[in-house]
Every structure is written in C-alpha cells, then in structure tokens.
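Taking numbering that gives the first Met the number 0, the leading residue of the sequence shown gets 0, the next gets one more, and so forth.
Even for Gly, the Cβ is constructed at its ideal location relative to N, Cα and C.
Note that the structure is a prediction, hence the values are computed from the model and not measured.
Data block below; observations after.
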Amino acid sequence: MKYLVGAAGLAVATLGLASPGLAGTGQSDFAKREASCNAGDMQECQRLGAAYELGFGITPDPVKARSAYARGCKPDDWTTGTSCLKLFKMASLGEGGPKDPAKAAALAPKVCNSRIVSDEVYLESFGLCKK
0 MKYLVGAAGL AVATLGLASP GLAGTGQSDF AKREASCNAG DMQECQRLGA AYELGFGITP
60 DPVKARSAYA RGCKPDDWTT GTSCLKLFKM ASLGEGGPKD PAKAAALAPK VCNSRIVSDE
120 VYLESFGLCK K
C-alpha cells in the first residue's frame, strides 16, 4: 500500500493537480509560466513541462516538455526532483528528443537513490532503476 500511495502522490504532483491554476492553463498562463521559467523559477519550469507533456490547455509537445524539465532540473538541488525525474525518464526512453544515455546516467544517482519511494517505483515501472 505504501507504494500505491507514493505513486499516486507522484501522479498528483506530476499532473499538476497540486499546482494552483495548472489544470485550467490558458495561452496567457503559458506565456507567464515560460517567462517565470526563463527567469529561473524552477517550479514554473516543472509546471510548464507537465503542461506540455500532458497537454494541459495546449497540444502536447514532448520536445518543449523535455526542454522545460531540463531548465527546471538542478541535480544539486533536491527541490527540483520532479523535473529531474521526468528529464531522466525522457532521456532514457528517447521522449521529446533522442535517447541520451550520458544525461540519464548523470541524473540516475539523484533520482534512483532519492529515497522518495514514489519516484523510485515510477522509474522501476519503466525498468530504469533496478534494485
């Protein structure tokens, strides 16, 4: 049960359901999120990536999602874990661009050993973090 709750928590965070205003994102919101992300707001980069990845208020665009996650991932900052997690998955599987084993390998220690059960279970479901 612990794993199910953790995975559900990750889904809520990744889908942006816990992010105010993301589900109703409109074009003007995208411009604001893009500007905030470009200004260094890592949480806005994660929200922007999720919106592009999942199609919240816009046609899904995995290339833009991967770019936003890359801007929102700072491997030395634990608060950017969701962006790093999503970037790791996309680089490993070749989503939104070519497979990038070097990038994935650089992110693996952070996301696979994060001790955040939901992240580890999520990545294990893709065969990316092996125990």
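#1: For a test of the three-state rule: what should DSSP assign to PRO108, helix, strand or coil?
#2: For the structure I just gave you, are there three or more beta carbon pairs, one from the stretch 102-114 and one from the stretch 77-86, closer than 8 Å?
#3: For LEU92, count the other beta carbons within 10 Å of its own beta carbon; 16 or more makes it buried, fewer makes it exposed. Which is it?
#4: Sort LEU86, ALA103, THR58 and SER124 by Cα distance to ARG70 and report the nearest one.
#5: Indicate whether MET41 and LYS88 have their beta-carbon atoms separated by less than 8 Å.
#6: Looking only at its chain, what residues have a beta carbon closer than 8 Å to the beta carbon of GLU33, apart from the 5 residues adjacent to it on each side?
#7: Does the beta-carbon of SER27 have 16 or more other beta-carbons within 10 angstroms, so that it is buried, or is it exposed?
#8: Does DSSP put THR58 in a helix, a strand or coil?
#9: Cα separation between ALA131 and ASP75?
#10: In chain order, what residues of the same chain lie with their CB nearer than 7 Å to the CB of ALA67, ignoring the 5 residues before and after it?
According to the structure data:
#1: helix
#2: yes
#3: exposed
#4: LEU86
#5: no
#6: LEU47
#7: exposed
#8: coil
#9: The requested residue 131 does not occur in the structure, where the chain is confined to residues 0 to 130.
#10: CYS36, CYS44, LEU47, GLY48 and TYR51
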